[in-house]
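Participant: Below you will find the structure I want to go over with you.
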Amino acid sequence: MNASFPYRTLSTIALLSSALAAAADELPRTSWGTPSLQGYYTNATIVPLERPVDLGEREFLTEEEAQARLERAMTVTETQPGTEADVHYQFDDYGMARAQNQTVFSHRSSIITSPKNGRLPPATPEALARGQEIRAWRAEHGFDSAKERSLSERCIIWAHEGPPLLPTGYNNHVQIMESKNHIVIMSEMIHDARVIPIRDSAPTAVLPPQWQGSSWGRWEGDTLVIETTGFSGRVTPTGAAAPMAVDAKVVERISRIDAETLKYEFTVNDPTLWEAPWSGDYVMQAVEGPVFEYACHEGNYGLPNNLSGARAIEAKGGKP
Amino acid sequence: MLQRSSAHPTPGLLRPLGVALLLVSANVAAQELPRTADGKPDLNGIWQVMNTANWNLEAHSATQGATEILGAIGAVPPGPSVVKGGHIPYLPEAKAQKEQNFQNRRTEDPEAKCYMPGLPRATYMPYPFQIVQSDGDLMMVYQFAGAVRTINMSNHQPAPVDSWMGWSNGHWEGDTLVIEVTGLNANWLDRSGNFASEQRRVIERYTMLNPYVISYEATIEDPTVFSEPWTLSMPLYKHVEEEARLLDFKCAEFAEELLYGHLSKDAAARSNAAGEQP
């Protein structure tokens, strides 16, 4: 992706909502009449998923606060010697540092809009217990074999891909391609293309669990509504204590604000993980394409290096 | 056919009529192709080959597979050559490399490693792929390894970087979608070790014959491996099941024992038991 974009200043999402209503007649449309969502986007943001506790129920920062947050986010901090971050490759060597990429500016204090405190609902006792089991297993066996490593390190799936699709540390590019009966949402990392059928009613086919669930979409006016269930039961979503349940439900709503921006809203409902459903939204902003191929598995040096390092530690009588 | 014709000759007066009927039906078929708003053939759908090209592009008898322990499940099904002229025109050194690949196919075939297959192999693997045809570009999403590529219909440019699925510039020649693919990593073309280098240029041609069949051709130019360009061809069939959709085949985890098994704790313990260094 083009690494030289500075962030662009956008109005607040509250203002954008009124723009949406005003510009409805001027939205770019497909040859079959629906708003065109197609293009290359970034969802890189400086807005945290969860609101800092001290902000309470305050949804928006002041201009001064937002600018200060932006400055902090764009400041490159020195890594501490002896930490994992310190021996990691330099993100700015590869155009991956936040300050090198187009980042959507916002006054929002959190991506989460519901519950009102902008924070994830409390985890269920069941999820906490499951999470504890997983951590205990990993502490003992986490380096035994490739299968004990995380799904992202194994290049199988990255949690931010969702649904819900959430911003992550880098490579936040998304490509949307649409035909009359399908829409594809392709995350740069790790080249996962969700092909979503557009239908009048929910599909009836009995499908096996899928890594990103099975989705279907429908148009409600100019908003594309996507419903997803049938997850793998193996992916722990961002901020969750344990993997999302197979029959969890996610609803996404995508609408075009103007030629440059899409609004992405979502609601997650997994009663095994959280005491209540939670919702959020953010803005995706157009970027210059293309999105390059993220060949995670083909170039996976980290996984074998971690395992061989673990074996070397064990050969010296240590525990990785 | 010749024998049957001579035993039952077609009456001369009817022959021209038969030809005319064929032409009419071909014309009707062309008109009945599903088309997009801009009049191009509508290639949207899930497509898959019904052949054994992924086992071997050239003619091959049924044989024992690379992993005997799988019994008949791992056997190679027979198939005719899909290469025009029958054989791939390797340069001598490349032919030797192909033979070596064959010997090492159980562990060295990029398919076994779950690497993205590149072109043209992605098209004829025994897994479906979906064409999503927009008002402009197209996207091809492959079940195997979740490979995906964009067909750039207007942003034509040289491949900006090398990649597994390459850079695709597409255009229409009449009703045929022609795609030039460059910037591909070196890759195998089938399970028998046929291969091409990162120098290759692949010209694909997708011609819809009727709503359910696409004629697929790919011409491969690679002067470092082949003495001349060569072409493979085969039909692609549309999945017509109601609610047909691509399902996950994220095979990275199925390749972990092959790729990383020697680095596991168990493998180290086995090595120690055998008196070897891990």
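Chains as they are written, first to last, in our numbering: chain A, 7 to 326; chain B, 1366 to 1643.
All C-beta atoms in this analysis are idealised placements derived from N, C-alpha and C, irrespective of residue type, glycine included.
Small disclaimer: the values here were computed from a predicted structure and weren't measured.
1) May I ask you to list the residues that DSSP assigns as paired with TYR46(A)?
2) Quick check: the Cα distance between LEU1597(B) and GLY305(A), rounded to an integer number of angstroms?
3) Taking 8 Å as the threshold (beta carbon to beta carbon), is ASP1587(B) in contact with chain A?
4) Nearest by alpha-carbon distance to TRP225(A): which of ALA79(A), PRO127(A) and GLU233(A) is it?
5) Would you call the stretch 1467-1482 of chain B and the stretch 1504-1514 of chain B touching, i.e. three or more CB-CB distances under 8 Å?
6) According to the Cβ coordinates, are VAL256(A) and VAL1497(B) closer than 8 Å?
7) Decide if TYR1571(B) is buried, meaning its Cβ has at least 16 other Cβ atoms within 10 Å, or exposed.
8) So if DSSP puts GLU226(A) in a beta bridge, which residue, or which two residues, is it bridged to?
9) Pull up the distance between the alpha-carbon of GLU281(A) and that of VAL241(A), whole angstroms please.
10) If we cut at 8 Å on Cβ distances, does GLU1458(B) have a partner in chain A?
11) How about TRP1529(B): is its C-beta nearer than 8 Å to some C-beta of chain A?
12) Would you tell me roughly how many angstroms separate the C-alpha atoms of ALA145(A) and LEU313(A), rounded to the nearest one?
13) If contact is defined by three or more beta carbon pairs under 8 Å, each pair taking one atom from either stretch, is the stretch 1556-1575 of chain B in contact with the stretch 1465-1481 of chain B?
14) Identify whether GLU258(A) lies in helix, strand or coil by the three-state DSSP scheme.
15) Would a check of beta-carbon distances place LEU1388(B) closer than 8 Å to chain A?
16) Against chain B, with Cβ distances strictly below 8 Å, would PHE298(A) count as a contact?
17) Identify whether VAL59(A) lies in helix, strand or coil by the three-state DSSP scheme.
18) Quick check on LEU1601(B) - is its C-beta less than 8 Å from some C-beta in chain A?
19) Step through the CB atoms of chain B and report whether any lies within less than 8 Å of the CB of VAL180(A).
20) What does THR1584(B) pair with, by DSSP beta-bridge criteria?
21) 8 Å is my cut-off, CB to CB: does ASN107(A) come that close to chain B?
22) Count the other CB atoms, across all protein chains shown, that sit within 10 Å of the CB of ILE1438(B); report buried if there are 16 or more and exposed otherwise.
23) Please list the partners that PRO209(A) has in chain B, where partner means a Cβ-to-Cβ separation under 7 Å.
24) Excluding sequence positions up to five away, which residues of its chain have a Cβ less than 7 Å from the Cβ of ASP253(A)?
Facilitator: Taking the geometry as given:
1) Here residue 46(A) refers to the residue found at position 40 when the first sequence is read from its first residue. Partner(s): GLN181(A).
2) Here residue 1597(B) refers to the residue found at position 232 when the second sequence is read from its first residue. Here residue 305(A) refers to the residue found at position 299 when the first sequence is read from its first residue. For LEU1597(B) and GLY305(A), the distance between alpha carbons rounds to 30 Å.
3) Along the second sequence, one-based indexing puts residue 1587(B) at 222. No, ASP1587(B) lies away from the interface with chain A (no Cβ there is under 8 Å from its Cβ).
4) Counting from 1 along the first sequence, the entry for residue 225(A) is found at position 219. Selected option, being the one with the closest Cα: GLU233(A).
5) yes
6) Translated into the one-based positions of the first sequence, residue 256(A) becomes position 250. Translated into the one-based positions of the second sequence, residue 1497(B) becomes position 132. Cβ distance not < 8 Å, so VAL256(A) and VAL1497(B) don't count as in contact.
7) As a position in the second sequence, residue 1571(B) is number 206, starting the count at 1. By the 10 Å Cβ count, TYR1571(B) comes out buried.
8) Start at 1 with the first residue of the first sequence, and residue 226(A) comes out as number 220. Paired residues: THR229(A).
9) Indexing the first sequence from 1 puts residue 281(A) at position 275. Indexing the first sequence from 1 puts residue 241(A) at position 235. Cα to Cα, GLU281(A) sits roughly 19 Å from VAL241(A).
10) As a working mapping, residue 1458(B) is identified with position 93 in the second sequence. Not closer than 8 Å to any Cβ of chain A, the Cβ of GLU1458(B) fails to qualify, so no.
11) If you number the second sequence from 1, residue 1529(B) lands on position 164. Chain A contact via Cβ: present.
12) Along the first sequence, read from residue 1 onward, the residue named residue 145(A) stands at position 139. Along the first sequence, read from residue 1 onward, the residue named residue 313(A) stands at position 307. Cα-Cα distance, rounded: 15 Å.
13) yes
14) Here residue 258(A) refers to the residue found at position 252 of the first sequence. GLU258(A): strand per DSSP, three-state reduction.
15) As a position in the second sequence, residue 1388(B) is number 23, starting the count at 1. For LEU1388(B), the predicted structure reports a pLDDT of 43, less than 50, and the residue's modelled location is therefore unreliable. The matter cannot be settled from this model.
16) Along the first sequence, one-based indexing puts residue 298(A) at 292. By this cut-off, PHE298(A) is an interface position.
17) Position 53 of the first sequence, counting from 1, holds the residue named residue 59(A). Reduced to three states, the DSSP call for VAL59(A) is helix.
18) Translated into the one-based positions of the second sequence, residue 1601(B) becomes position 236. LEU1601(B) does not count as touching chain A.
19) Against the first sequence, residue 180(A) aligns to sequence position 174. No, its Cβ sits nowhere closer than 8 Å to a Cβ of chain B.
20) Taking the second sequence and counting its residues from 1, the one referred to as residue 1584(B) is at position 219. THR1584(B) is bridged to ILE1568(B) and THR1596(B).
21) Looking up residue 107(A) in the first sequence gives position 101. For ASN107(A), the answer is no, since every Cβ of chain B falls outside 8 Å of its Cβ.
22) Locating residue 1438(B) in the second sequence gives position 73, where the first residue counts as 1. When all chains shown are included, ILE1438(B) counts as exposed.
23) On the first sequence, position 203 is the one that residue 209(A) refers to. Residues of chain B passing the Cβ test: GLU1608.
24) Counting from 1 along the first sequence, the entry for residue 253(A) is found at position 247. Once the five neighbours on either side are set aside, the close Cβ partners of ASP253(A) are THR235.
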